[in-house]
Amino acid sequence: MRSKRLVVALTVAALTAGAASPAAAQGNAVWDLGQNSWYFGVYGGETSFPTTIARTTAPTLGVDWMITRRRFALNVFAEQSYFNAVSTVPDFPTSAPRRVDMRDMRRVGASAMLFLPSYKYMHPWAGVGYAMNFVPNATAQGSSFASPAARDSIVARVDDARAQAKSFLDLGMMYVRRNWAPFLQYSIMPTKGSSSWLVNGEGMTNVWKAGLRYNFGSAIDERW
0 MRSKRLVVAL TVAALTAGAA SPAAAQGNAV WDLGQNSWYF GVYGGETSFP TTIARTTAPT
60 LGVDWMITRR RFALNVFAEQ SYFNAVSTVP DFPTSAPRRV DMRDMRRVGA SAMLFLPSYK
120 YMHPWAGVGY AMNFVPNATA QGSSFASPAA RDSIVARVDD ARAQAKSFLD LGMMYVRRNW
180 APFLQYSIMP TKGSSSWLVN GEGMTNVWKA GLRYNFGSAI DERW
């Protein structure tokens with residue numbers, strides 16, 4: 000609930016900043032003001048992911064960098080979600096599930112964005128991307144192991160299951176007025192059946208974002 004209030008607050012603040020800017024009051028709806036540009040942004044939101052134990056919804060903070068053209072854009076991002084959750088890895092030698100305490104997740108990735116038909120200052124897009132997802136803290140529960148070799152095997156399995164590269168799809172809307180661009184974005188990442196990763200439950204991982212980008216100038220002199 001707290002993370003959802005964070006999304007709402009950031010959305011309202013971002014839209015207010017764009018509308019209240021003196022430059023925005025005289026804004027031009029022509030997309031030429033936003034294309035061929037470098038944008039840097041910050042955002043907040045929430046990430047919802049399943050493990051074999053339960054689904055977790057966690058607050059998320061991130062930064063991104065976007066290069067726009069008339070119809071396309073490249074987006075690079077880095078973010079972190081904050082949580083304490085429980086997952087599993089196969090135990091040794093029985094392959095029964097061994098519970099694992101996991102904390103936080105970091106994602107670094109990039110996506111190709113296709114701008115859809117826009118309306119005045121509103122610019123929706125659809126994108127496809129690829130991200131490295133990493134759980135920095137993960138520890139197997141319990142102190143009882145069948146043997147020292149079993150303990151070493153479980154530690155190695157937990158370590159191997161902390162990171163996974165995944166593709167994802169996203170949809171978003173950006174409100175462009177002069178240099179300011181508040182945005183909303185939803186991303187979906189398939190994780191079902193990822194037995195080699197700690198995010199290994201049924202269903203998808205969902206990421207909601209609300210943030211604010213700023214145009215720092217032209218990225219290229221020629222259009223695509």
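With the first letter of the sequence shown counted as 1, position 201 gets the number 200 in numbering that gives the first Met the number 0; the numbers rise by one all the way through.
Quick reminder that beta carbons are idealized off the backbone N, C-alpha and C, glycines included.
These figures come from a predicted structure and were not determined experimentally.
Proximity of residue i and residue j at Cβ, strictly below 8 angstroms
i: Y38; j: G61; result: no
i: R176; j: Y120; result: yes
i: F133; j: R161; result: yes
i: F76; j: D103; result: no
i: M131; j: A164; result: yes
i: A109; j: L170; result: no
i: G44; j: A155; result: no
i: M101; j: L197; result: yes
Whole-number beta carbon distance between residue j and residue i, since they are thought to touch under 8 angstroms
i: T50; j: N199; result: 6 angstroms
i: V88; j: R97; result: 6 angstroms
i: S152; j: V127; result: About 37 angstroms separates the two Cβ atoms, so there is no contact after all.
i: V99; j: T138; result: 7 angstroms
Contact set for residue i: own chain, Cβ-Cβ below 8 angstroms, skip 5 residues either direction
i: Q34; result: T67, R68, R69 and R222
i: Y213; result: Y38, F39, G40, N178, W179 and A180
i: G202; result: P49, R54, T190 and K191
Between the CA atoms of residue j and residue i - distance to the nearest angstrom
i: K47; j: V107; result: A small fix is needed here, since residue 47 is Ser in this sequence, not Lys. So the two alpha carbons sit approximately 17 angstroms from each other.
i: A149; j: G40; result: 46 angstroms
i: S217; j: N74; result: 16 angstroms
i: T118; j: L183; result: Correcting the residue type first, residue 118 is Tyr in the shown sequence and not Thr. Distance between the alpha carbons of Y118 and L183: 16 angstroms.
i: P116; j: F215; result: 24 angstroms
i: V157; j: Q140; result: 11 angstroms
Nearest residue (CA-CA) to residue i, options the options
i: M172; options: M131, K165 and P181; result: P181
i: S186; options: S195, S194 and V206; result: V206
i: S94; options: N136, S194 and T204; result: S194
i: T204; options: V157, L168, L115 and S146; result: L168
Sequence-distant residues of the same chain with beta carbon closer than 6 angstroms to residue i, five excluded per side
i: D90; result: R97
i: E78; result: T59, G61 and R106
i: M65; result: Y38, A72 and N74
i: S80; result: T46, A57, T59 and M104
i: P123; result: L115 and M172
i: G26; result: Note that G26 scores 36 on pLDDT, short of 50, meaning its location in the model is unreliable and no value can be drawn from it.
Close-in-space but distant-in-sequence residues of the same chain around residue i (CB under 7 angstroms, 5 per side omitted)
i: P135; result: D103 and R105
i: Y129; result: G108, A109, A164 and S166
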